[in-house]
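To start, the structure under review is shown below, and the notes come after it.
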Amino acid sequence: MALFLFLTPFGAFAMLSLLAPIQIGLLVAAALALAVVAWDLFQGRSLKIMMASSAILFGALGAYDMLLSQGGSSTMAIRLMVDAGVLTIALTSIALRVPFTVQYARERVAPEVHGQPAFMRINYILTWAWTAAFVLMLAADILMVYAPSLPLWVSAALAFAARNAAIYFTNWYPQYRNGDLLPSAETDAATG
């Protein structure tokens, strides 16, 4: 469940960007991301790459729009920057060899599992699945730029489908590969 908390600021931003000035959506999303970071730290959990980076992304875009462009950025331009930013965060986590899903997964499995190659492989696959979803969300927003006559629901439906597919896959895949992640004590008992 904690993995899906990273969606909260993005959901708030998406909703508020339709209902209020874009700066409000950006600043509320930044505040939500910071609140989740603070809650995780208060609960003794680790700082998550995705959530901390999202707070920085939303805060930086909000500051940019308010201070440098005096609120002149278009909603679509900001949405594209948010989508490109989250895609960059996911790709950077892979490039740094710390897929962002691993931080959430470590809180859900036994410590003996953390060092297993299968654990990391599963998290790379999950992070790549989310990366694909982020690419599709970015493509949906780009589609709206180049085909503005399309109804808004087309972009929303594509983004919704991409997000829900990533959520479904994130729930399904670890269970499907669960046999690969036996703690060493269980492995010893099974083989011995």
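Read in order, the letters of the sequence shown are residues 1 to 192 in our numbering. Ideal Cβ placement from N, Cα and C applies to all residues, glycine included. Everything numeric in this text was worked out from a predicted model, so none of it was measured.
- prompt: Are Leu126 and Thr88 touching if we call contact CB-CB under 8 Å?
  reply: Not closer than 8 Å, so no.
- prompt: For Ala185, which of helix, strand or coil comes out of DSSP?
  reply: Note on Ala185: pLDDT 38, under 50, position unreliable in the model; the coordinate value appears next. Ala185 carries a helical assignment under DSSP once its states are collapsed to helix, strand and coil.
For the alpha helix (DSSP H) holding Val199, just list the boundary residues, first then last. Past the boundaries of the shown model lies residue 199; the chain is included only from 1 to 192, so the question cannot be answered.
- Query: Count the other CB atoms within 10 Å of the CB of Ser74; is the residue buried (16 or more) or exposed (fewer)?
  - Reply: Exposed, by the Cβ-count rule.
* Asked: Among Val145, Tyr64, Phe134, which residue has its Cα nearest to the Cα of Phe10?
  -> Cα-wise, what sits closest to Phe10 is Phe134.
Inter-residue Cα distance where the pair is Leu41 and Ser54: Distance between the alpha carbons of Leu41 and Ser54 is about 16 Å.
Between the C-alpha atoms of Asn164 and Glu107, what's the straight-line distance to the nearest angstrom?
-> Near 22 Å, if we compare the C-alpha coordinates of Glu107 and Asn164.
Span separating the alpha-carbon of Asp188 from that of Leu18: Caution applies to Asp188, whose pLDDT of 35 falls short of 50 and renders its modelled position unreliable; the model cannot decide the point.
What would DSSP say about Gly11, mapped onto helix, strand or coil? Gly11: helix per DSSP, three-state reduction.
Requested in this report: Taking Ala30 as the reference, give the member of Gly44, Ala12, Ala20 with the closest Cα.
Outcome: Comparing Cα positions, the closest option is Ala12.
- Using the C-alpha atoms, what's the distance from Val102 back to Ala110? Roughly 13 Å separates the two Cα atoms.
#### Entry: Beta-carbon contacts of Leu16 that lie in its chain and below 7 Å, excluding the five residues immediately before and after
Around Leu16: Ile24, Gly25, Val28.
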